[in-house]
Ligand code: PEP
Ligand code: MG
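In UniProt numbering, the protein residues as written are 358 to 682.
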């Protein structure tokens, strides 16, 4: 079976009825990028840059970041690379930032929320990404956005950095796209407003599930409640994709849910443009996509959105799976 799957690794993933979905990889460093493309990634859907900032004495400087981003863009060889700006703080502590201890880090001081205090750090990262952007197809994605104010502030900073580069005659991709993680429920209700601010969206199902259902993603005592098949989550997915598409915007998904073969027909049916996952899952996912019918998946997703319980959604998936065998 493994051998058969590898046949699909380097092909576009198209459903039986001709619907194409991008299959991309989540990475944390350039070594993983090489591996991801070797395993058939059509792009990088999530580059978790915070890994460059962790487990060290000080933040990587502009040159180090620039080189690292260039390595990833070179590995991508023209394929899109979504570089997520640092998602640090909260449960991802960084000693040299000396952030205060928090009782509730998942609801605390992390990601975009710390950028105003560490403005130089944020500007350095944006500068490094912009400079690297002439070496491939880079896109910038901001984590943990919950309001329009936040993304407008980010856009102002991006303009400041672009202006500085222009004044210094340093080249960057002027068309570089800006997107946000959709991982805080408030965003789902104002996707139409965000469509006026950004180019694309990527749903972070890990955090979105935790925040939507109020279940700590790392707490074993409530892990039974942590389930993205909750009808509320499916309806949120529907809301986000439908609204973004109505405004002509691209929507991906980059949480662990994307690698769950059982759930894949639902994600296809939801109409996502891209699914990003850990590299070892890519070949199998592409193989599975060729066995799926898009129109049937749309019906399945619509039915799942009408289910009252997780159990009903699971039963529906089992039933379809059995029928397909
Ligand atoms: C997510 O929240 O789904 C996500 C992809 O981001 P992270 O897992 O890095 O928080
Ligand atoms: Mg997240």
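We treat Cβ as the ideally placed atom computed from N, Cα and C, and that holds for glycine.
Bridge partners for residue i per DSSP, in chain order?
i           : result
residue 449 : 446
residue 383 : 403
residue 534 : 496
residue 632 : 380 and 610
residue 370 : 378
residue 539 : 560
residue 467 : 446
Excluding sequence positions up to five away, which residues of its chain have a Cβ less than 8 Å from the Cβ of residue i?
i           : result
residue 659 : 626
residue 405 : 383, 384, 385, 441 and 444
residue 449 : 407, 411 and 467
residue 414 : 452 and 453
residue 396 : 366, 382, 636, 637, 639 and 640
residue 681 : 648
Measure the Cβ-Cβ separation of residue i and residue j and say whether it is below 9 Å.
i           : j           : result
residue 631 : residue 609 : yes
residue 416 : residue 398 : no
residue 673 : residue 620 : no
residue 540 : residue 508 : no
residue 472 : residue 442 : yes
residue 643 : residue 366 : yes
residue 647 : residue 436 : no
residue 501 : residue 556 : no
residue 499 : residue 536 : yes
residue 554 : residue 512 : yes
residue 569 : residue 662 : no
residue 456 : residue 488 : no
residue 433 : residue 402 : no
residue 422 : residue 482 : yes
residue 387 : residue 429 : yes
Provide the residue span of the beta strand (DSSP E) that contains residue i, from first to last.
i           : result
residue 557 : 557-560
residue 582 : Neither: residue 582 is in no beta strand (DSSP E) and is coded neither H nor E.
Please return the same chain residues whose Cβ sits closer than 7 Å to the Cβ of residue i, not counting the five positions on each side in sequence.
i           : result
residue 573 : 463, 567 and 579
residue 664 : 588, 670 and 673
residue 628 : 598 and 602
residue 651 : 372, 374, 376 and 625
residue 427 : 489 and 492
Can you tell which of the options has the C-alpha that lies nearest to the C-alpha of residue i?
i           : options               : result
residue 530 : 540, 485, 557 and 654 : 485
residue 493 : 677, 455, 418 and 532 : 532
residue 514 : 549, 474 and 528      : 474
residue 520 : 542, 623, 388 and 480 : 480
residue 446 : 434, 465 and 433      : 465
residue 614 : 583, 600, 596 and 544 : 583
residue 527 : 586, 558 and 491      : 491
residue 558 : 596, 418 and 581      : 596
residue 547 : 676, 577 and 503      : 503
residue 576 : 394, 419, 461 and 426 : 461
Need the endpoints of the alpha helix (DSSP H) that residue i sits in, please.
i           : result
residue 502 : No alpha helix (DSSP H) contains residue 502, which DSSP labels as neither H nor E.
residue 441 : No alpha helix (DSSP H) holds residue 441; the beta strand (DSSP E) holding it covers 437-441.
residue 424 : 419-433
residue 552 : 548-552
residue 543 : 542-545
residue 625 : 621-627
residue 673 : 667-681
residue 647 : Element bounds for residue 647: n/a, residue is neither H nor E.
residue 593 : 588-603
residue 480 : 476-489
residue 653 : 651-663
Is the CB of residue i under 9 Å away from at least one CB in chain D?
i           : result
residue 660 : Protein chain content of the structure displayed is limited to a single chain, and chain D is not contained in it.
Is residue i near ligand 3 - that is, is its Cβ less than 8 Å away from at least one heavy atom of it?
i           : result
residue 538 : This structure lacks ligand 3; its bound ligands are ligand 1 and ligand 2.
If I measure Cβ to Cβ from residue i and keep anything under 6 Å in the same chain, skipping five residues before and after, which residues do I get?
i           : result
residue 654 : 622, 625 and 626
residue 370 : 378, 380, 643 and 646
residue 667 : 584, 586 and 587
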